[in-house]
Each structure stands twice: as structure tokens, then as C-alpha cells.
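Peer 1: Can you read through this structure? Questions will come right after.
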Amino acid sequence: MRADVESEALITAAAAARRVSVSAFVLEAATEEAGRVLGRADLTLMPADQFDAFVAALDEPDEAPRLADAARSPRRYTRR
30 MRADVESEAL
40 ITAAAAARRV
50 SVSAFVLEAA
60 TEEAGRVLGR
70 ADLTLMPADQ
80 FDAFVAALDE
90 PDEAPRLADA
100 ARSPRRYTRR
């Protein structure tokens, strides 16, 4: 990995403080950050009142006339 002189010195000092190699230090730090990033990708945070409104909206039926018509129409294919 390429780094500027200041970053390299900082990382090297931190690795030495932990008594691990620079590679091990960087790998551990990158792995932890990757876990945080991916964890946030699957998480949606919102205020409690907004969440309650969202859940209430899921319970309300939505008019979908084209979908209802499609469900009532004869099937083109049937299972054997």
C-alpha cells in the first residue's frame, strides 16, 4: 500500500504500540472498518415516530386495480 510519509509514520507507530506488524495492523483496521460499512448498508435508522408511521402504512391496503384485474384473469399457463 502506498501512503504519504506522515500517514506511514503514524501507522508504523501504532503498529509498534500494539506490537504487531504494519501489515497485521492495517489488515485488522481495514477488516473492522469493512464490517462497520457493510453493517450500516443493511441498517436503516429513523426516529421512533417515523418508524411507527411506516409500520402503520404497511397495514393499510393499497388500491392496485391493474394488479387485481390481473389476478382475476385466466391463467395462460397451468401446472401439470
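Here the sequence shown stands for residues 30 to 109, where the numbers follow my numbering.
Even glycine gets a Cβ: it sits at the ideal position worked out from N, Cα and C.
1. Could you tell me the boundaries of the alpha helix (DSSP H) in which residue 95 lies?
2. When you measure from the CB of residue 88 to every non-hydrogen atom of the ligand NAP, does any distance come out below 6 Å?
3. Check whether chain C comes within 7 Å of residue 109, counting only Cβ atoms and requiring the distance to be less than that.
4. Tell me whether residue 49 sits in a helix, a strand or coil according to DSSP, three-state version.
5. Starting from residue 74, follow the alpha helix (DSSP H) in both directions and report where the run begins and ends.
Peer 2: Walking through what the data contain:
1. Translated into positions along the sequence shown, residue 95 becomes position 66. From DSSP, the alpha helix (DSSP H) with residue 95 extends over 94-101.
2. This structure simply doesn't include the ligand NAP, nor any ligand for that matter.
3. The displayed structure is made up of one protein chain only, and chain C is not part of it.
4. Here the question's residue 49 lines up with position 20 in the sequence shown. Residue state, collapsed to three classes: coil.
5. Numbered from its first residue, the sequence shown carries residue 74 at position 45. Taken as a continuous stretch (DSSP letters only), residue 74 belongs to no alpha helix (DSSP H), as it is neither H nor E.
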